[in-house]
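Enquirer:
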Amino acid sequence: MTDIETGFADPIEQGIEQGIERAVADDGAPLLTVEGLRVWFGSAEVVKGISFTTRPGRCLAIVGESGSGKSVTARTLVGLTGSGAQVQAGRIDLAGTDLTRQTERSWRSIRGRQIGFILQDALVSLDQLRRVGDEVAEPLKVHGWGTREARARKVVDLLASVGVPEPEMRARQRPYELSGGLRQRALIASAIALDPTLIVADEPTTALDVTIQAQVLDLLAESKARGTSIILISHDLSVVARLADEVLVMRDGCVVEHGVAHQVLHQPRHEYTQALLDAIPSEHTRGTRLVRPASDATVVARTREPVDRDRPLLEARHITKVFRGPDKVDRTVVDDVSFELFTGETLGIVGESGSGKTTSARIALALLQPTSGDVLLRGQPWSTLPPARRRPLRKQIGVIYQDPLSSFDPRWHVGRILADALRTGNRPPSSKAEARARAIRLLEQVGLSAEHLSAAPLRLSGGQRQRVSIARALAPEPEVIICDEPVSALDVSIQAQVLDLLTDLQDELGVSYLFISHDLGVIHHMSDRVLVMKDGLVVESGTADEIFERPAHPYTQRLLTALPRLTTAANQ
Amino acid sequence: MTSVTALPPASGRAPDSGRAWRTGRRIRVRVRLGTVVPLLIVVLLLVAAIAPGLLTTRSPNGIDIEHTLLAPSLSHPFGTDDAGRDLYTRVIYGARESLGIGLGATGLAMSIAILLGFAAGLAGGVVDAVIGRILEVSFAFPVLLLALLLIAIRGPSLTTEIVAVGIGSAPGYARMVRGQVLNVRQAPYIEAASALGHRRLAVIRRHLFPNAMRPLVAMITLGVGQSIVWASSLSFLGLGVAPPSPEWGALLDSGRMYITTSWWLEVMPGLVIVVVALSVTSLGRTLQHRLEGAAR
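In the order they appear, the protein sequences are chains A and B.
Under the working numbering, the first residue of the first sequence carries the number 1, and numbering increases by one thereafter.
Under the working numbering, the first residue of the second sequence carries the number 1, and numbering increases by one thereafter.
1) Terminal residues of the continuous alpha helix (DSSP H) containing T343 of chain A?
2) Roughly how many whole angstroms lie between the Cα atoms of L103 of chain B and R133 of chain B?
3) Step through the CB atoms of chain B and report whether any lies within less than 8 Å of the CB of A421 of chain A.
4) Would you please verify whether the beta carbon of L140 of chain A is less than 8 Å from any beta carbon of chain B?
5) Using only alpha-carbon positions, find the residue among A:S229, A:S517, A:E45 that is nearest to C59 of chain A.
6) Would you say L196 of chain B lies against chain A (beta-carbon separation less than 8 Å)?
7) Roughly how many whole angstroms lie between the Cα atoms of R226 of chain A and D218 of chain A?
8) Taking the beta strand (DSSP E) that T53 of chain A falls in, what are its first and last residues?
9) What residue does the beta strand (DSSP E) around K534 of chain A start on, and which one ends it?
10) Return no unless some Cβ of chain B is closer than 8 Å to the Cβ of S66 of chain A.
11) In angstroms, rounded to a whole number, what distance separates the CA positions of E540 of chain A and P386 of chain A?
12) Using a Cβ-Cβ distance cut-off of 8 Å, determine whether N183 of chain B contacts chain A.
13) I'd like to know whether the C-beta of R331 of chain B is nearer than 8 Å to at least one C-beta of chain A.
14) Which residue comes first and which comes last in the alpha helix (DSSP H) that contains Y189 of chain B?
15) Alpha carbon to alpha carbon, what distance is there between T68 of chain B and S279 of chain B?
16) Indicate the three-state DSSP secondary structure (helix, strand or coil) for R105 of chain A in the structure shown.
17) Counting Cβ pairs, one atom from each stretch, are 3 or more of them under 8 Å apart for the region 469-487 of chain A and the region 237-254 of chain A?
18) Quick one: using the 10 Å Cβ neighbour count with 16 as the cut-off for buried, is G53 of chain B buried or exposed?
19) Would V210 of chain A and L559 of chain A be called neighbours here (beta carbons separated by less than 8 Å)?
20) Out of A:P381, A:T358, A:D157, A:T197, point me to the one whose CA is closest to K224 of chain A's CA.
21) Considering only C-alpha positions, which residue in the set B:V276, B:S75, B:Q288, B:G238 is nearest to L40 of chain B?
22) When DSSP labels each residue in this structure, what does V127 of chain B get in the three-state scheme?
23) Would the beta-carbon of A279 of chain A fall within 8 Å of that of V291 of chain A?
24) Please name the residues in the region 199-230 of chain B whose beta-carbon is closer than 9 Å to at least one beta-carbon of chain A, in chain order.
25) Using a threshold of 8 Å, state whether the C-beta atoms of W248 of chain B and S232 of chain B are closer than that.
26) At which residue ranges does the region 130-160 of chain B contain complete alpha helix (DSSP H) runs of 4 or more residues, listed in the order of the chain?
27) Among all the DSSP beta bridges, which residues are the ones paired with H258 of chain A?
28) Please report the straight-line C-alpha distance between H378 of chain A and F342 of chain A, rounded to a whole angstrom.
29) Going by alpha carbons, who is nearest to V585 of chain A out of A:R441, A:G84, A:D252?
30) Mind listing the chain A neighbours of P188 of chain B? Cutoff is C-beta to C-beta under 8 Å, in chain order.
31) Taking the straight line between their C-alpha atoms, what separation do you get for R127 of chain B and Q369 of chain A?
32) So D86 of chain B packs on Y258 of chain B, CB below 8 Å; how close in whole Å?
33) What are the boundary residues of the beta strand (DSSP E) that A383 of chain A is part of?
34) Given 8 Å as the limit, is there contact between the region 76-87 of chain A and the region 172-181 of chain A, that is, 3 or more CB pairs closer than that?
35) Quick one: which residues of the region 473-500 of chain A get their C-beta closer than 8 Å to a C-beta of chain B? List them in chain order.
36) Going by alpha carbons, who is nearest to G166 of chain B out of B:L46, B:A48, B:P72, B:A113?
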């Protein structure tokens, strides 16, 4: 492998870039060559002249945050840019086929046969009303492959090859009857059905739990080993590290860095790549802020009061929740869970989807009654109180949701949301002017300003919405804030800002967090103590260091092994 | 799946964005026309209902035996009827009753629907099941049949007509309200409001009710148009407002006898009903799109 190359959108640099491309290409003829790709939506240029090549058996990762143009690039490669887009390119060449000169009709013969496309969300990508087998067989059918019976056999083989257990039965089921991981595998089976030479995977694992994510990545790695070229689109650098040979970092439609994966991920040349890498929460970032001041590159340590361990602030005692399904079968969603949360500390609850994390949180909030067990607040009854007596105490527990937008009344603007939360608090404002002044102070506390008072949450960015949601949680001046996946929907740099904000507020106000996440890195970064949940049970608990360095339970060990880390494919 | 475009041939020029801009403008003009015309008609309807004197100088019941059954002309744009009354004037004066029935019936229907829908949606369980069954049974009867039953008991009058059409169309709305309540009550912002410590009643009043009713605003508008048509049907059958009232359905009914010789007695009021119902419906649809767009 030759040395690093850097791509720039600047046309002057393009000549240099092409030279570098040739240098990289010498270990095999390029399969796909893209030169000077530009895409407009109306007057907005979203991809500003990018160039890259891929080779058989290699994986090129395109990384970047929302709005960087990475997904648009991926869709352009399969001719699905959409009717509102204007595409222009010096050259897009797939093994001798000029992709700039395809009609809608000829694209159909390329898609599936030469290029397989894997989308992020298999639930929306698969037709709910059709059987999984028919969906997987679709590309075979479109391209006139074999007879009906032959296709049915091939589908079963394909499903088996992507590790779907009981493929005959699964092929007869409908997408909603399959778990997220199985659906994603069915989608991959469909993408590789005709053995395409190139697979374009747009965030293939973003919606998946970490253990399933590992399986899907392994699957893609197998395809790669068989000689398929892969273009992986992702915002997650640790996923990229697992599969990519080459990495292209995009920002605002431009390539900011392009090079060999190991180099980009370990010795990034561009400060944006460095910032992206720094923003990833992990064991290394504990006790520090994720976003460093631009002026110096030193690690900023947190300054916090020691945790007071005399008396638990919030205490769950053997809570169990049983739901009765529509099939009259009882399911124990939370099974004998106990925890204590002390003043000023962060207790992390980590687990995959369906592990009972969110149900535990709703029981702690007393929005859901446990089937057995109880929750105490400051040593006093909390979950067992009648609703009318609990209501005045609610100001002591705040909550931050994963999707802030849906937690705001769609008719309300930010000012009204905050004023409403202030009124429920310990010191309700006595006048409209006071409510306004305190709402502004809250906004400033979370890094927003008075101008956001009149904004509709819909018009705010994801990060701003989560800040408003934090401001609302802070408004009643609670002692505990329950954070249910507060950063899961955010880009890594925004996630870093929000996590920093939460730790700053903890240092400043001494508030305690019950922090729920599926992301082990985030949990490790944030938590003092950690509960690991699986199928409603706490399988392991202890300090963050104990859990992450000496995991005792096999499930925790498996989670940690499955966690993609920033080691490149070359290192493994 | 997304729509597919082929890549245009590569060229050094920036893409021609002018075409997209022009199409955008054409669409905007078309949308405006589709909104402005119905809006204008509804405004005229309101004026006719509130102050008919502004639109005509004649009296709706001014009999003129010398000018009976005149075809539409400049002095009598809709023609005259068998008593020589100006049909245009009668249609204008009839607007008040027709619109009154439309609004009254829809208002009554919505009130019943909100009561039943919220009770079913909020209480759930047995209450929901009982209300659900009642609604299902009432769906088995056509609206007109229910109305006929009521009129048979109480005798034809304006109030009976409003009540009949109102009760007849209530089950449909009730089912929509219930669906909305079930939908909105599980929204995270409802839980967030409870988590802040607001009373249940306050959460219902401030979050649940307005958000559940929001998409129904359009349905209410659509309902007004529908009620006008139903009321006209009843009057046409002679079961609505008694003559000489110029209610639109009654106009149709009284013109029935002359249909072979004086077409305008049927066509003119009929056209007005069609145009008004279309305008109100079209406005309702526009409103629906706006509200759905804003909610996203």
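Ideal Cβ placement from N, Cα and C applies to all residues, glycine included.
Expert: Let me spell this out:
1) Bounds of any alpha helix (DSSP H) do not take in T343 of chain A, whose DSSP letter is neither H nor E.
2) 28 Å
3) The C-beta of A421 of chain A comes closer than 8 Å to at least one C-beta of chain B.
4) The Cβ of L140 of chain A sits no closer than 8 Å to any Cβ of chain B.
5) A:S229
6) yes
7) 13 Å
8) 44-54
9) From DSSP, the beta strand (DSSP E) with K534 of chain A extends over 529-534.
10) no
11) 33 Å
12) no
13) Summary: the structure shown does not reach residue 331 of chain B, with chain B confined to residues 1 through 296, and so no result is reported for it.
14) 188-195
15) 32 Å
16) helix
17) no
18) exposed
19) yes
20) Closest option to K224 of chain A, Cα to Cα, is A:T197.
21) The residue from B:V276, B:S75, B:Q288, B:G238 with its alpha-carbon nearest to that of L40 of chain B is B:V276.
22) helix
23) yes
24) Listed in chain order, the positions of the region 199-230 of chain B with a beta carbon within less than 9 Å of a beta carbon of chain A are R199, R200, R206, H207, P210, N211, R214.
25) yes
26) 143-154
27) A:L248
28) In the sequence as displayed, the identity of residue 378 of chain A is Arg instead of His. Each residue's Cα considered, the two are about 9 Å apart.
29) The displayed coordinates of chain A run from 1 to 572. Any statement about residue 585 of chain A would go beyond what the structure contains.
30) Those within 8 Å of P188 of chain B in chain A are Y401, D403, S406, S407.
31) Looking at the sequence itself, residue 127 of chain B is Val, so the reference to Arg does not match. Each residue's alpha carbon lies about 22 Å from the other.
32) Rounded, the Cβ-Cβ distance is 16 Å, inconsistent with contact.
33) Residue identity differs from the one stated: residue 383 of chain A is Ser in this sequence, not Ala. Neither: S383 of chain A is in no beta strand (DSSP E) and is coded neither H nor E.
34) no
35) P476
36) Considering only alpha carbons, the answer is B:A113.
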